[in-house]
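Shown next, in structure tokens, is the structure this report addresses.
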Ligand code: UD1
Ligand code: UDP
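In our numbering, the protein residues as written are 3 to 370.
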């Protein structure tokens, strides 16, 4: 069996890393292709997991648009697939790398295995363009690795044959358990000097395209208000490199006392910040999946989520991007200990850390 794995962004790298480690461990031939839809924040993850790609398509451009990313991936991956002729191409999640690479594989009639299949909002502009990237990847894929039963049922309802769907858990939990280290000490300022014991830390991450502009302004203004009105609260925000995000974050949050706007973080220190935070404000998919394992309440800064499981178990709440609603919900977590404790439970609906092992077992069984 000859496996090819393609990914291009930070979350895909984190979620593919354990699978690559498992292929290594089992000595299964595999080719690693990175599109480098992201550059710096992808390289950070390759380094921490010690992954050396065989092909680096190096496509990222400053402030790239969706047309560019889609066509660049298609054009650049074509000769690689032609040369390697893998038995299966593994893609992950919902990025434009995921969809465009799947399409390229389809054009060559190479079977696609979709890791983290079946997540849905059924709202094609939320998340944008990820909902459609995911649905189109489903149409193309041969093997659907669903993280949860909910995701599997979505695929069954869309007519995917149950025999081709495998509930494996999410590989993000494999990655998190590989990296989490409760004794980790921050080597650098400002994190090294933050008083995580006497101060309550809110961790913010925000980067979604559908939140650019006004919604993101509301989120940042709410964060500013929360810090200004709660003297024991500090905000840590590793700002995503997307220029649309950088600009607004600086406009609204730069130079506010107890607000730390920092560079995107390496995975290990980021996991430690999640672990030490009081709660998390995020529009990130991966963070929604990781936080329940660490027992951290999450307020989700989105109108919809394709990850309802954490909301159902009560560790996450969908709050949207309205400034007043965010302030009300966050203030309640800060002021009402019993409400806080209700959400701060270590219930993790997303996996047991063995998703990669299951995926490799299934590939070995299905591909001859
Ligand atoms: C992308 C994915 C999104 C995913 C997110 C994870 C698409 C359409 N979007 O969004 O699904 O949730 O990644 O973070 O696939 N940049 C850098 N350095 C980096 C990374 C990005 O400078 O290491 C800047 C560049 O100017 C780049 C821009 O960010 O053009 C946007 O990158 P892009 O991958 O198109 O979109 P994201 O918003 O990062
Ligand atoms: N992450 C990280 N450093 C950061 C912010 C996030 O390592 O500064 C990790 C986070 O733990 C999660 C993943 O990046 O595993 C999420 O990526 P992102 O939010 O960019 O994308 P999404 O999951 O929304 O697609």
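A virtual CB, placed ideally from N, CA and C, is assigned to each residue, including glycine.
Would you report the Cα separation of residue i and residue j, rounded to the nearest angstrom?
i           : j           : result
residue 70  : residue 215 : 22 Å
residue 188 : residue 262 : 14 Å
residue 63  : residue 307 : 29 Å
residue 338 : residue 282 : 16 Å
residue 347 : residue 298 : 7 Å
residue 185 : residue 366 : 37 Å
residue 67  : residue 37  : 15 Å
residue 351 : residue 55  : 31 Å
residue 60  : residue 6   : 17 Å
residue 326 : residue 230 : 15 Å
residue 179 : residue 118 : 18 Å
residue 251 : residue 205 : 14 Å
residue 254 : residue 364 : 49 Å
residue 334 : residue 247 : 27 Å
residue 224 : residue 324 : 8 Å
residue 369 : residue 29  : 16 Å
residue 203 : residue 332 : 12 Å
residue 201 : residue 228 : 13 Å
Using DSSP's beta-bridge definition, name the partner residues of residue i.
i           : result
residue 319 : 301
residue 194 : None; residue 194 has no bridge partner.
residue 207 : 284
residue 148 : 169
residue 227 : DSSP output for residue 227 lists no bridge partner at all.
residue 176 : None; residue 176 has no bridge partner.
CB-CB under 6 Å to residue i, same chain, minus the five flanking residues each way: which ones, in chain order?
i           : result
residue 381 : This structure gives no information on residue 381, because the portion of the chain shown stretches from 3 to 370.
residue 358 : 20, 21, 24, 173 and 176
residue 245 : 65
residue 438 : Only positions 3 to 370 of the chain appear in this structure, which leaves residue 438 out of reach.
So, for residue i: in the same chain, excluding its five sequence neighbours on each side, which residues have a beta-carbon less than 7 Å away from its beta-carbon?
i           : result
residue 120 : 146, 148, 153, 154, 156 and 157
residue 50  : 268, 269 and 270
To which residues of the same chain is residue i closer than 8 Å at the C-beta, ignoring the five residues directly before and after it?
i           : result
residue 302 : 284, 285, 290, 313, 318, 319, 320 and 321
residue 266 : 12, 42, 43, 46, 240, 241, 242 and 243
residue 349 : 294, 315, 316 and 317
residue 276 : 205, 282, 289, 292, 293, 296 and 298
For residue i and residue j, which I take to be in contact (beta-carbon distance under 8 Å), what is that distance rounded to the nearest angstrom?
i           : j           : result
residue 198 : residue 139 : Incorrect: roughly 39 Å between the Cβ atoms, too far for contact.
residue 4   : residue 24  : Going by Cβ atoms, the distance from residue 4 to residue 24 rounds to 16 Å, so no, they are not a contact pair.
residue 34  : residue 53  : 6 Å
residue 115 : residue 144 : 7 Å
residue 311 : residue 150 : 6 Å
residue 182 : residue 258 : Contact doesn't hold; Cβ gap of about 30 Å is too wide.
Sufficient close CB pairs (3 or more, under 8 Å) joining the stretch 115–129 to the stretch 199–217: Yes, the stretch 115–129 touches the stretch 199–217.
Quick check: the stretch 227–239 against the stretch 190–202, are there 3 or more CB pairs under 8 Å? Contact between the stretch 227–239 and the stretch 190–202 is present, with at least three C-beta pairs closer than 8 Å.
Count the C-beta pairs between the stretch 6–24 and the stretch 84–98 that are closer than 8 Å, then say yes if the count reaches three, no if not. Taking 8 Å as the limit for Cβ pairs, the verdict is that the stretch 84–98 does touch the stretch 6–24.
Under 8 Å: do the stretch 160–170 and the stretch 337–348 share three or more Cβ pairs, one atom per stretch? By the Cβ test, the stretch 160–170 is not in contact with the stretch 337–348, since fewer than three Cβ pairs between them sit closer than 8 Å.
The stretch 70–79 contacting the stretch 99–116, beta-carbon criterion three pairs below 8 Å: Touching, yes.
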